[in-house]
Amino acid sequence: MNIFDIVLGIILVFAFIRGMKKGLFVTLASLIGLVLGVIAAIYFSEYAAEYIYNWFNWSEQTSNIVARVVTFIAVVVVINWAGKFLTKLADFAFLGIFNKLLGGVFNVLIIAFIISVVFMFFNQWNTSSYIISEEKTKDSILYEPMIALAPMVLPDLKETVEDIEFPEELIDQVKEKTEDKINEKIDSLQLN
14 MNIFDIVLGI
24 ILVFAFIRGM
34 KKGLFVTLAS
44 LIGLVLGVIA
54 AIYFSEYAAE
64 YIYNWFNWSE
74 QTSNIVARVV
84 TFIAVVVVIN
94 WAGKFLTKLA
104 DFAFLGIFNK
114 LLGGVFNVLI
124 IAFIISVVFM
134 FFNQWNTSSY
144 IISEEKTKDS
154 ILYEPMIALA
164 PMVLPDLKET
174 VEDIEFPEEL
184 IDQVKEKTED
194 KINEKIDSLQ
204 LN
């Protein structure tokens with residue numbers, strides 16, 4: 014166990030607490046919205062990409078990326094509205110502690126899935142070493158299960174992430190800015 018595991022653990026504990034506050038229905042709608050949003054972004058974003066490409070005259074690559082993001086967000090928002098509606102209906106029934114506990118569990122799953130997808134992107138673009146060293150990932154208890162979660166839930170997601178090519182310039186800029194920020198923090202800590 015290392016600092017990376019502690020940070021992930023804290024994030025997951027906060028996710029559980031937040032899920033308990035929201036309850037099962039809203040949290041379940043969030044989970045369903047997340048999964049359906051990713052599926053829609055994978056399989057149906059080409060329609061939005063074509064529209065974006067024609068409307069804004071952006072490059073095909075930029076249009077595809079924006080289309081995936083827009084499709085994902087649209088599906089998540091619609092499903093979350095449905096979850097809030099069901100919660101209002103369920104307020105008439107007494108669900109008590111089960112609603113809260115199951116909401117916590119589902120929220121942990123959602124946050125773990127999001128972290129898993131983020132790690133997939135970082136690993137695909139070889140940027141993960143700027144966030145967490147390879148040594149820390151090997152020593153981590155939570156990294157391997159976390160990175161395996163998204164491909165386990167959505168096997169096609171791994172192929173889709175591998176197919177997305179971000180411009181090397183963008184990746185280099187992100188790496189450079191990350192290094193600059195890290196060096197600034199280190200310098201400010203050394204001065205104190």
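All you need for the working numbering is the position in the sequence shown, starting with 1, plus 13.
Positions of the beta carbon are idealized from the N, C-alpha and C atoms, including for glycine.
Quiz prompt | Assigned exposure category for Ser129 - 16 Cβ within 10 Å defines buried | solution = buried
Quiz item: Is the beta carbon of Asn212 less than 7 Å from the beta carbon of Ala28?
Solution: With the chain covering only 14 through 205, there is no way to say anything about residue 212.
Quiz item: Going straight from the alpha carbon of Asp200 to that of Asp193, what length do you get?
Solution: 10 Å
Exercise. State whether the segment 19-27 contacts the segment 164-175, with contact taken as three or more CB pairs (one from each stretch) at a distance under 8 Å.
Key: Contact fails: fewer than three Cβ-Cβ distances are below 8 Å.
Quiz item: Is Trp71 helix, strand or coil when you go by DSSP?
Solution: coil
Exercise. Please classify Phe29: does DSSP put it in a helix, a strand, or coil?
Key: helix
Practice problem: State buried or exposed for Phe38, treating a residue as buried only when at least 16 other CB atoms are found within 10 Å of its CB. | Solution: buried
Quiz item: Could you give the distance in angstroms between the alpha-carbon of Phe98 and the alpha-carbon of Ala125?
Solution: Straight-line Cα distance between these residues: approximately 25 Å.
Quiz item: CB-CB under 6 Å to Ala54, same chain, minus the five flanking residues each way: which ones, in chain order?
Solution: So the qualifying residues of the chain are Arg81, Thr84 and Phe85.
Self-check item: Anticipated Cβ contact below 8 Å, Ile32 with Gly96, distance rounded
Solution: It is Gly, not Ile, that sits at residue 32 in the sequence shown. In fact, because the Cβ distance is near 12 Å, the residues do not count as touching under 8 Å.
Quiz item: Alpha carbon to alpha carbon, what distance is there between Phe132 and Ala61?
Solution: 26 Å
Quiz item: Looking at C-beta atoms only, is the number of pairs between the segment 66-78 and the segment 145-159 that lie closer than 8 Å three or more?
Solution: no
Practice problem: Identify whether Gly36 lies in helix, strand or coil by the three-state DSSP scheme. | Solution: coil
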